[in-house]
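Enquirer: One structure is given below, represented as structure tokens, and several questions about it will come after.
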Amino acid sequence: MLSRAFTKSRRSFYGENSRSGSISEYDDCIVGFMDDVPLNSCENHGPSLSLKEVLRTSVGVMGENTRGLTEKVVLSNARLCTLKRFRKVIVGKSEFGRRVERLAQVCNNCDYLVPITAYLYAKRIKLVVLHYYPMGSLADLLSGGRQGQMALNWNDRLRIIDSIAKAIAFIHWQPRPTEKNLKMNVHGNIKSTNIMINIDFTARLSDYGFVQLADCIEDSESKEGARTNNIYCEELSQKSDVFNFGLVLLDMLAGVQELSYINCIVKMKEMIKEGESTFFEFPVRGKERRQALKVLEIALASTSSFPETRPSMEQIMLDLGDILSSSK
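Going by the UniProt record's numbering, the first residue of the sequence shown is number 1, and it counts up by one from there.
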């Protein structure tokens, strides 16, 4: 990742008039000529951070999409953080701060959501600082296993699935918002790159509500990436969250990353159950195979093309509870 940070050409995304220069060049301009400003803390006893500190201590690009850039930051006290910088924020300064603080209240009180540390809304840069997870994302682990690195076993996958479900359920149980234009009971961007893994293979869901902070900016590269990689539903609703959760399950079970393959799985379901078709990308037999088949049922129900037939997270939690109890 460190080599990527210094070798990949990175575009500026601080406004349409600054897209020709690199981000690193633009940061030098910001740090050199802009007065340093403190970040707004989202933690009661969190460390005070400043704009210059987080920009100067960025050491690696962790991810990039149409909404912005994710970087690894090593602070002066050796604390590691994740920095999210947005391309196109869709609300003004006061509304941005209000939304981030409301989202942080939820994240910082749930063991299955990535805590938000601080944020900043300045003229040319808008960012959020989050906790850092050295194990990386679920997408990283799945990709590494498929490239010959140590693959996740079934118990690890089941533990991650349970954590993700609890995170989504916690969000969906949030009360309907009274504030204008802010949905607190929807995530909006559930996918494997936004699922961070702890060392004990529990997981935390990141980017909660960020689709309500920033819009997408597409160029030729991002459009191509969207055509080849983006199979997730981007509608802001609980049923879309469930659909995306189902896609994550299919990816974890069998590396399914194409919507067209879901219909094939439905047709082959009986063959898969009888063991006549190789499906799971990891070895399972006996009780573990029965559990994996039940998770497959949840995945297929969640990815139904008819939103009204998809289960609620409450029902999914009950089904997962039955699966987990069978493993004891």
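We put the CB at the ideal spot given by N, CA and C, even for glycine. Here the structure is a predicted model, which means the values were calculated and not measured.
In whole angstroms, what is the alpha-carbon distance linking Arg79 and Val59?
Expert: On the sequence shown, position 79 is the one that residue 79 refers to. On the sequence shown, position 59 is the one that residue 59 refers to. Each residue's Cα considered, the two are about 13 Å apart.
Enquirer: Going by alpha carbons, who is nearest to Leu259 out of Ser94, Asp162, Leu236 and Ala299?
Expert: To locate residue 259, count along the sequence shown from 1; it is residue 259. That would be Ala299, whose Cα lies nearest to the Cα of Leu259.
Enquirer: Just to confirm, is the Cβ distance from Tyr119 to Val129 under 8 Å?
Expert: Walking along the sequence shown from the start, residue 119 turns up at place 119. Walking along the sequence shown from the start, residue 129 turns up at place 129. Result yes, Cβ atoms of Tyr119 and Val129 sit closer than 8 Å.
Enquirer: Near Phe96, which residues of its chain fall below 8 Å by C-beta distance, leaving aside the five closest residues on each side in sequence?
Expert: Taking the first residue of the sequence shown as position 1, residue 96 is located at position 96. Val89, Tyr119, Tyr121, Lys126 and Leu213, listed in sequence order.
Enquirer: Quick test of your reading: His131 and Val114, contact by CB under 8 Å. State the CB separation rounded to the nearest angstrom.
Expert: Stepping through the sequence shown from its first residue, residue 131 is reached at position 131. Stepping through the sequence shown from its first residue, residue 114 is reached at position 114. Right, their Cβ atoms sit about 6 Å apart.
Enquirer: By the three-class DSSP mapping on this structure, what secondary structure does Pro307 have?
Expert: Within the sequence shown, residue 307 is the residue found at index 307, counting from 1. Of the three classes helix, strand and coil, the one that applies to Pro307 here is helix, per DSSP.
Enquirer: Below 7 Å CB to CB, which residues in the same chain sit around Gly63 once its five sequence neighbours on both sides are set aside?
Expert: Your numbering for residue 63 matches position 63 in the sequence shown. Once the five neighbours on either side are set aside, the close Cβ partners of Gly63 are Thr70 and Thr193.
Enquirer: Ignoring anything shorter than 4 residues, give me the alpha helix (DSSP H) runs that lie fully in the region 235-307, in order along the chain.
Expert: You should have 238-254, 260-274 and 287-302.
Enquirer: Quick check on Arg4: does DSSP put it in helix, strand or coil?
Expert: Counting from one through the sequence shown, the residue named residue 4 turns up at place 4. Caution applies to Arg4, whose pLDDT of 33 falls short of 50 and renders its modelled position unreliable; the model cannot decide the point.
Enquirer: Closer than 7 Å by C-beta to Asp207: which residues in its own chain qualify, once you throw out the five before and the five after it? Chain order, please.
Expert: For the purposes of this step, residue 207 is taken as residue 207 along the sequence shown, with counting starting at 1. The residues are Asn189 and Asn194.
Enquirer: The beta strand (DSSP E) spanning Gly68 covers which residue range?
Expert: Within the sequence shown, residue 68 is the residue found at index 68, counting from 1. Gly68 -> beta strand (DSSP E) spans Gly68 to Val74.
Enquirer: Please work out which residues of its chain come closer than 8 Å, Cβ to Cβ, to Pro311, disregarding the five sequence neighbours upstream and downstream, and give them in chain order.
Expert: To locate residue 311, count along the sequence shown from 1; it is residue 311. Hits under 8 Å: Val242, Ile298, Ala301, Ser302 and Asp319.
Enquirer: Name the residue from Glu101, Ile161, Glu288 and Phe282 whose alpha carbon lies nearest to the alpha carbon of Gly148.
Expert: For this step, residue 148 is matched to residue 148 along the sequence shown. Answer by Cα proximity: Phe282.
Enquirer: Leaving out five residues before and five after Lys199 in sequence, what residues of the same chain have Cβ atoms less than 8 Å from its Cβ?
Expert: Mapped onto the sequence shown, residue 199 falls at position 199. Correcting the residue type first, residue 199 is Ile in the shown sequence and not Lys. Same-chain partners within the cutoff: Pro134 and Met135.
Enquirer: Mind checking which residues open and close the alpha helix (DSSP H) that includes Met317?
Expert: Working through the sequence shown from its first residue, we reach residue 317 at position 317. Element bounds for Met317: Met313 to Ser325.
Enquirer: Just grab the DSSP bridge partners of Met196 for me.
Expert: For the purposes of this step, residue 196 is taken as the residue at position 196 of the sequence shown. In the DSSP output, where bridge partners are listed per residue, Met196 has Ser137 and Arg204.
Enquirer: Please state the DSSP three-state secondary structure of Asn108.
Expert: Within the sequence shown, residue 108 is the residue found at index 108, counting from 1. Asn108: coil per DSSP, three-state reduction.
Enquirer: In angstroms, rounded to a whole number, what distance separates the CA positions of Ser3 and Arg124?
Expert: In the sequence shown, counting from the first residue as 1, residue 3 sits at position 3. In the sequence shown, counting from the first residue as 1, residue 124 sits at position 124. Summary for Ser3: the model assigns pLDDT 34, below 50, so the residue's position carries little reliability, and this model does not support an answer.
Enquirer: Looking only at its chain, what residues have a beta carbon closer than 6 Å to the beta carbon of Asn77, apart from the 5 residues adjacent to it on each side?
Expert: By 1-based counting over the sequence shown, the position of residue 77 is 77. No residues qualify anywhere along the chain.
Enquirer: Per DSSP, what kind of secondary structure is Glu43 in: helix, strand or coil?
Expert: For the purposes of this step, residue 43 is taken as residue 43 along the sequence shown, with counting starting at 1. Three-state DSSP puts Glu43 in coil, outside helix and strand.
Enquirer: According to DSSP, Asn65 sits in a beta bridge with which residue or residues?
Expert: Taking the sequence shown and counting its residues from 1, the one referred to as residue 65 is at position 65. Per DSSP, Gly68.
Enquirer: Taking only the alpha-carbon atoms, compute the straight-line gap between Arg159 and Phe201 and give it to the nearest angstrom.
Expert: Position 159 of the sequence shown, counted from the start, is the residue given in the question as residue 159. Position 201 of the sequence shown, counted from the start, is the residue given in the question as residue 201. C-alpha separation (whole angstroms): 6 Å.
Enquirer: Between the alpha carbons of Leu250 and Ser163, how many angstroms are there, rounded?
Expert: Mapped onto the sequence shown, residue 250 falls at position 250. Mapped onto the sequence shown, residue 163 falls at position 163. Each residue's Cα considered, the two are about 16 Å apart.
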